[in-house]
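> Residue numbers (the numbering used here), protein chains in the order written: chain A, 5 to 428; chain B, 5 to 428.
No residue lacks a Cβ here, since even glycine has one placed at the ideal position from N, Cα and C.
I'd like to ask some things about the structure below.
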């Protein structure tokens with residue numbers, strides 16, 4: 005029995021000679037994202053992984069159905085596994101909009117699903133860190149959101165050598181389009197052509213632009229000139245005031261593929277890889293109105309960062325987190341008559357918050373010690389009866405091999421003390 | 005646009021006048037489960053929420069299909085949203101069994117899905133804490149697993165007044181069945197009758213038992229006598245050695261509904277509610293063999309604890325965790341000319357790990373202060389220029405209303421110091 009193609013199993017640690025993924029790494033990513041989001045005053049939310057299909061077609065049109073896991077449930081409802089989080093967020097906020105003071109700063113870490121045609125190991129699910137601000141039209145919100153994006157990458161050890169935020173603006177391109185008398189009905193075709201400019205050949209781009217009444221030369225000149233709009237300048241100044249100037253640059257190559265962006269747009273790029281986007285987002289001031297059927301009108305902006313590309317970048321830049329000691333101690337039972345006392349000590353240590361394991365059944369002390377090493381324990385703890393009849397605990401630090409004998413009641417404090425280092 | 009019936013939205017906090025669920029509470033439950041599992045040396049794993057349908061029918065027969073969210077995907081595969089985690093665990097362990105030293109101690113916190121006929125607000129998804137031990141036939145593993153179950157409930161503040169583990173044994177009932185010359189082909193019917201004994205009327209039970217060649221009186225006498233098997237006595241002694249004797253009692257009413265249990269079985273019961281199970285599990289020594297198509301044979305045992313019943317119990321026993329201060333500080337901008345400096349200070353504080361928010365756009369200091377209270381901040385921090393020209397930060401503790409003026413570089417230390425208390 006195999007798992008479905010395009011899905012991942014998360015073993016505790018990466019399997020030898022297999023892929024990168026593991027539950028430990030995933031948990032570290034999630035914890036970092038949560039910690040950073042909370043530092044920025046963002047609150048966590050989540051919605052169902054299964055939603056009415058219509059929630060996604062309203063936003064993206066029927067063509068998205070071809071990329072979804074969708075089906076009819078036993079109550080005859082057309083449903084789909086969520087391919088993105090923004091429609092759920094818009095639905096949830098619209099349903100209880102008055103409960104919340106603005107701006108609303110929320111984040112989520114959903115698993116998202118797309119049925120894409122399988123290309124050598126292409127995944128059909130990933131986890132995505134989503135952060136959004138709703139109810140604030142000012143570009144100060146754009147700067148706050150981009151700062152969160154920068155810090156969520158920095159918190160993983162990535163630096164300005166590893167990534168850069170390329171900042172752009174739908175408004176800037178809209179004005180360019182108007183200035184050059186573009187056909188209003190074909191503006192989105194134009195945006196999509198610009199979006200593909202770095203991937204298409206110059207000839208192909210030129211052909212598409214000519215058909216829209218533009219020239220590659222004019223478009224390239226606009227990108228090269230790179231004059232920030234007044235809004236973008238405010239965002240850049242705001243980030244500079246935070247000491248984040250090195251992490252962001254104006255770049256009109258970025259325009260974002262989706263139709264619904266309305267203002268500043270941005271992407272976090274891997275500086276070493278070839279223009280690979282790690283995260284992307286922007287302002288979408290009309291989406292809540294669309295999803296809520298004109299009931300609620302809230303300006304909004306957000307970004308998404310997937311776990312797959314990020315993990316590959318962390319690996320390429322040598323910043324996959326090292327694994328730490330997984331156990332504070334293994335209790336070794338040298339004398340089986342002391343098993344009940346060892347169970348009791350194990351319980352005391354666990355009650356004190358220590359991570360402790362022990363041999364469930366009698367086995368040779370050597371074997372128990374070897375297992376302690378295999379499990380990455382920081383210490384072994386062995387109970388023994390002193391000549392006076394009282395119990396003593398022999399605590400051995402596996403990094404330094406130093407031993408101490410202490411009263412059983414003092415073991416927890418010893419294990420939790422910051423030295424010796426707990427890293428294996 | 006509404007969410008699907010039977011699914012939950014998780015807002016950051018419970019909505020006023022609405023249900024119990026919130027993302028904050030969910031995260032606290034998950035964190036507690038993770039912490040306790042790690043103290044016991046359990047490692048986290050996860051699998052895909054979507055699996056081949058066959059993975060579930062192999063274990064539970066075709067009748068389970070009626071309770072599943074299942075469909076045919078675009079690659080013509082019969083797939084289902086997972087209704088339980090054990091088949092995925094068995095699949096994963098069987099695929100890489102040789103990688104892992106025994107016993108394997110793993111846990112997961114999956115979201116599970118069942119399409120059950122809607123009964124007044126009955127949910128179709130929940131999250132479940134799953135913990136399993138594989139590769140250890142000795143009952144010492146059963147005791148270790150039950151101890152983890154007890155501690156994961158105690159870590160939420162529940163006591164021996166709130167819950168009890170009712171311990172039983174399929175082996176004990178199997179021997180009873182043989183002793184009374186039960187028909188081997190109908191043993192599972194007998195188990196199911198015993199399983200429903202506390203819910204059915206005595207008459208209904210007696211009728212079913214008589215049809216199987218038993219009497220209610222004999223069954224009730226066996227339950228009343230409550231003589232532990234040798235195996236159960238070892239488990240009870242083991243838990244007593246851990247100081248957990250008060251949390252467990254022998255009770256042959258428990259037999260567990262599922263077919264695949266093979267040894268000790270147990271359920272955690274709400275003592276105040278009427279016999280409501282909070283969690284349940286037991287030994288299933290043949291399941292890995294079944295799922296792996298006889299390739300891998302590993303004894304195993306596990307339990308599952310759902311978030312829904314547990315949350316209701318926490319509420320009923322007044323132990324829903326109180327909410328803490330969500331922000332360490334709100335930076336107040338009294339003088340707009342100091343906005344860049346305030347941005348810079350905010351960044352410094354966030355870099356130091358403080359949770360900090362501020363007004364994105366100019367607004368009256370009073371309004372900013374009120375928002376700090378609304379957001380549950382522990383402090384406000386206001387930059388001001390001292391007569392000598394240098395910057396000072398006025399730090400106000402919102403619990404005590406005490407103010408201090410310190411250099412901006414000292415604010416982080418002040419916010420992170422343990423006193424004054426950070427609870428709002």
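1. According to DSSP, residue 109(B) sits in a beta bridge with which residue or residues?
2. Let me confirm a value: residue 193(B) is counted as buried when at least 16 other C-beta atoms fall within 10 Å, else exposed. Which label applies?
3. Who pairs with residue 131(A) in a beta bridge, going by DSSP?
4. Nearest by alpha-carbon distance to residue 368(B): which of 304(B), 171(B), 336(B), 385(B) is it?
5. Given this structure, state the Cα-to-Cα distance separating residue 346(A) from residue 257(B), to the nearest angstrom.
6. Quick one: is residue 337(A) near chain B, going by C-beta distance under 8 Å?
7. Taking C-beta pairs closer than 8 Å, name the residues in chain A that residue 148(B) reaches, listed in chain order.
8. Cβ of residue 427(B) less than 8 Å from any chain A Cβ?
9. Does DSSP classify residue 420(B) as helix, strand or coil?
10. State yes or no: is the beta carbon of residue 134(A) nearer than 8 Å to at least one beta carbon in chain B?
11. Would residue 424(A) count as contacting chain B if we go by Cβ distances under 8 Å?
12. Where does residue 406(A) sit, in a helix, a strand or coil, going by DSSP?
13. When the distance is taken between beta carbons, is residue 46(B) closer than 8 Å to residue 153(B)?
14. Is residue 420(B) close to chain A, meaning its C-beta is less than 8 Å from at least one C-beta of that chain?
15. Give me the DSSP bridge partner(s) of residue 398(A).
16. Residue 51(A) versus chain B: which residues are under 9 Å apart at the beta carbon?
17. Report the option in 160(A), 135(A), 95(A), 26(A) whose CA atom is closest to the CA atom of residue 355(B).
18. Distance, Cα to Cα, residue 119(A) vs residue 141(A)?
19. So, are the CB atoms of residue 151(A) and residue 248(A) less than 8 Å apart?
20. Counting only Cβ pairs nearer than 8 Å, list the residues of chain B close to residue 107(A).
21. When the Cα atoms are used, what is the spatial distance from residue 25(A) to residue 314(A)?
22. Would you call the segment 261–280 of chain A and the segment 166–185 of chain A touching, i.e. three or more CB-CB distances under 8 Å?
23. Assign residue 250(A) to one of three DSSP states: helix, strand, or coil.
24. Quick one, which of 36(A), 22(A), 20(A) has its alpha-carbon nearest residue 357(B)'s?
25. In this structure, how does DSSP classify residue 425(A) when only helix, strand and coil are distinguished?
26. Any idea which residues DSSP pairs residue 344(B) with across the strands?
27. For the beta strand (DSSP E) containing residue 324(B), name the first residue and the last one.
28. Using the beta-carbon count (16 or more within 10 Å), is residue 326(B) buried or exposed?
29. Under the three-state reduction of DSSP, which class applies to residue 337(A): helix, strand or coil?
30. Grouping DSSP H, G and I as helix and E and B as strand, with all else coil, what is residue 14(A)?
31. Let me see if you follow: with CB-CB separation under 8 Å, is residue 32(A) close to chain B or not?
32. Helix, strand or coil for residue 76(B), going by three-state DSSP, please let me know.
33. Measuring from the CB of residue 237(A), is there a heavy atom of the ligand ATP at a distance below 7 Å?
34. Taking the straight line between their C-alpha atoms, what separation do you get for residue 310(A) and residue 132(A)?
35. Which residues, taken in chain order from the segment 67–88 of chain A, show a beta carbon closer than 7 Å to some beta carbon of chain B?
36. With DSSP as the reference, label residue 22(A) as helix, strand or coil.
Once the coordinates are examined:
1. 137(B)
2. exposed
3. Per DSSP, 115(A).
4. 336(B)
5. 32 Å
6. no
7. 364
8. Low local confidence applies: a pLDDT of 44 at residue 427(B) is under 50, so the model's placement there is unreliable, with the coordinate-based value given in what follows. Interface flag for residue 427(B) against chain A is unset, since no Cβ pair is found closer than 8 Å.
9. The answer is helix: DSSP assigns residue 420(B) an H, G or I state.
10. Not one chain B Cβ lies under 8 Å of residue 134(A).
11. Interpretation of residue 424(A) is limited by its pLDDT of 48, a score under 50 that renders its predicted location unreliable; no figure is taken from the coordinates.
12. When secondary structure is reduced to three states using DSSP, residue 406(A) falls in the coil class, being assigned neither helix nor strand.
13. Judged by their CB atoms, residue 153(B) and residue 46(B) are not nearer to each other than the 8 Å cut-off.
14. No, no contact with chain A.
15. 386(A), 409(A)
16. Counting only Cβ-Cβ distances below 9 Å, residue 51(A) has contacts in chain B at 7, 11, 12, 13, 14, in chain order.
17. Answer by Cα proximity: 160(A).
18. 35 Å
19. yes
20. 364
21. If I take the Cα positions, the gap works out to 11 Å.
22. Segments in contact, yes.
23. Reduced to three states, the DSSP call for residue 250(A) is helix.
24. Considering only alpha carbons, the answer is 36(A).
25. Per-residue confidence for residue 425(A) stands at a pLDDT of 44, beneath the threshold of 50, marking its modelled position as unreliable; the derived number appears in the next sentence. Residue 425(A) falls in the coil class under three-state DSSP.
26. The partner list for residue 344(B) (beta bridge, DSSP) is empty, contrary to what the question assumes.
27. Neither: residue 324(B) is in no beta strand (DSSP E) and is coded neither H nor E.
28. exposed
29. coil
30. strand
31. no
32. strand
33. The ligand ATP is not among the ligands present in this structure, which contains no ligands whatsoever.
34. 4 Å
35. 73, 75, 77, 78, 81, 83
36. It is coil, neither helix nor strand.
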